[in-house]
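Report on the following structure.
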Ligand SMILES: [Cu+2]
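Numbering (our numbering), first residue to last: 1 to 648.
Shown next, in the form of structure tokens:
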């Protein structure tokens, strides 16, 4: 334990500031249940596959703030309800203000897709599959007769247009051996056999048994001294202390730090959401991003054998926010930490508080700037620091940390930390191209982690536009006789169809979000630039089911005109959706985006060929993107940062 401060856990009562974008409180979830029950929508067989805030449209929120106390927007909740007996799935929006059901749409699962996986689907699947005679026979053929030692993963099924799967709410189930309650099951995959399970009929309707590979035996239990060896004893403590406390303030959900200001939100589906991010400059509050979140991610696997269907939309199918961890001071976070609890709903729509779900703190981040001047002899340096807002979630085998960083110089970064257990398979030996051998006979198939950031930009107001900026060397010519010229090529993206772009590291490609109303003192539009990492986009063949379902991941950049209904890049109902929803559908109207209220959607993330060093637990891998002010300020905005010590 290296922390010196006592954690401050901010509880729900403290955060209920009455702002229209505040997360749903426990009382509100309960009040919403009363409205739904009164409407006859909650018979005992109904479960909540999602339950959260239906945010008011942007113009209503802005109007409320412009002339308080103008009419406060209607407080609305959205619920995805599924009847476990009939399978009937519905999307319901209710008003807490008027205590009424506003809209209710019953889904046609064959066309609309299925609602997300429920908490109860995990236990129900394991229990039922273990009883299935055909699956048991497949296990017995592999010498696995004690089914109590087999753990099962209910995995989202995708959509392959098969008649026996059409409209059926289902999961595909892979098995792992767990010899005792401490055994690390991911070490022991049972490959070649999958149970296809109907979640409504609660039965296995098909067992696929394609091949046999020995179940790998080597233990991966990294907590076992026999596996990890003795712990090191030569790491001296590092202590982080802020004797005067942190430099930020939290007023309800309003977070202020240095010149930054934003509201903190949390949603069962998206996890952390940031709202109304602005920066004060010369006494003037300048809006930057109305809403920032990571509303989708997909993890498609690249092994074409019987696990070809493996692709998890952790956000749209499993709801990453719902699986948020309770963070521990001194372990997950060190230093002067402020925690916020998150309140989500369980399968019954009852509130469940995740203690310490959101972590807020400041970090020293090395040098901000430094110069020794050879003419004056002056030597000055300043320390950079950043405000960190984060949460961590565990979806099945993987653990993901979502981090937003705000820097003194106006830079914003989003970073995802990927860690946890690789999803494993048997390894057939030899140079099998689609999987790495990470322990004897244990394979870790290649996969991608593709995240989609939704950035509802408001750079100095609602009227924004996007320019693609490439850089290249110019050929020798009359204006470039020595061939040293380097220039930017700037392309204005004026329509949605034109703004479906790929990153290009060879051209240093960036995207600049400019204000079409405000210029800087050089007469050029004020702007913020998105710096992508330029890793591969979706690698699945364009004709594949996956390419249709994860259409958003085909491009690194999309720009759409703001529409409050367009929130999820793979569509509202991702689970078993046949494809085409989300961003590809959003842009079919090919709206004009020049000088409009626009939303940027950015796809990023690693293509992961696992290494032996990623096993048995993976050191954190990182991915993300950066937003930097580009002529947003007139000069370096940090000249007023004081030296950090008297001797500096
Ligand atoms: Cu990975």
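Ideal Cβ placement from N, Cα and C applies to all residues, glycine included.
Residue state for residue 212 is assigned as coil, using DSSP reduced to three classes. A heavy atom of ligand 1 is found nearer than 7 Å to the CB of residue 418. Taking C-alpha positions only, residue 45 is separated from residue 571 by approximately 26 Å.
At least 8 Å separates the beta-carbon of residue 552 from that of residue 113. With fewer than three CB-CB distances shorter than 8 Å, the region 197-217 does not count as touching the region 236-245. Listed in chain order, the non-local C-beta contacts of residue 168 below 7 Å within the same chain comprise 198, local neighbours out to five positions each way being set aside. A contact is defined here as three or more CB-CB pairs under 8 Å, and the region 594-614 fails this definition with respect to the region 402-409. Taking the Cα of residue 115 as reference, the smallest distance to any Cα among 146, 319 and 561 is reached at 319. DSSP places residue 131 inside the alpha helix (DSSP H), whose first and last residues are 119-131. When the alpha-carbon of residue 546 is set against those of 576, 517, 567 and 532, the nearest one is in 576. When the beta-carbon positions are compared, residue 84 and residue 96 stay at least 8 Å from each other. When Cβ pairs closer than 8 Å are counted between the two stretches, the region 484-502 is seen to touch the region 461-472, the count reaching three or more.
Here the alpha carbon of residue 195 sits roughly 17 Å from the alpha carbon of residue 146. Between residue 290 and residue 628 a beta carbon distance of about 19 Å is seen, past the 8 Å cut, so the two are scored as non-contacting.
In this structure, the beta-carbon distance from residue 511 to residue 459 does not fall below 8 Å. Only residues of its own chain outside the window of five on either side were considered, and among them 20, 56, 60, 61 and 64 have a CB closer than 7 Å to the CB of residue 73, listed in chain order. In chain order, 325 and 401 place their CB closer than 6 Å to the CB of residue 392, counting only its own chain and leaving out the 5 sequence neighbours on each side.
With a cut-off of 7 Å, the C-beta of residue 577 is classified as distant from ligand 1, since no heavy atom of the ligand falls inside that distance.
Under the DSSP definition of a beta bridge, residue 404 partners with 389 and 414. Under a 10 Å Cβ-count criterion, residue 286 is classified as buried, with 16 or more other Cβ atoms of the shown protein chains found around its own Cβ. One thing to note: residue 502 has its Cβ within 8 Å of the Cβ of residue 555. In the displayed model, residue 192 falls within a strand according to three-state DSSP. The closest CA to that of residue 39, considering only 82, 47, 23 and 99, is found on 99. In the structure shown, residue 497 adopts helical secondary structure according to DSSP, grouped into three states. Pairing residue 177 with residue 154 gives a Cβ-Cβ distance that is not under 8 Å. With contacts defined by Cβ atoms closer than 8 Å, residue 301 and residue 617 do not form a contacting pair. Distance from residue 608 to residue 447 at the Cβ level is roughly 6 Å; contact confirmed, criterion being Cβ atoms closer than 8 Å.
With a cutoff of 7 Å, residue 449 counts as near ligand 1, since its C-beta is closer than that to a heavy atom of the ligand.
The alpha-carbon separation between residue 339 and residue 543 amounts to approximately 45 Å.
If the five residues before and after residue 29 are omitted, its C-beta is found closer than 6 Å to the C-beta atoms of 345 and 351, all from its own chain and listed in chain order. If only complete runs of 3 or more residues are kept, the region 268-332 shows the beta strand (DSSP E) at 271-281 and 284-300, in order along the chain. In the same chain as residue 50, and ignoring 5 residues on each side of it, the C-beta atoms closer than 8 Å to its own belong to 78, 79, 80, 115, 116, 268, 269 and 319, in chain order. At a Cβ-Cβ threshold of 8 Å, residue 499 and residue 294 do not count as neighbours.
For residue 19, the distance from the CB to the nearest heavy atom of ligand 1 is not below 7 Å. Residue pairing from DSSP places residue 602 in a beta bridge opposite 453 and 557.
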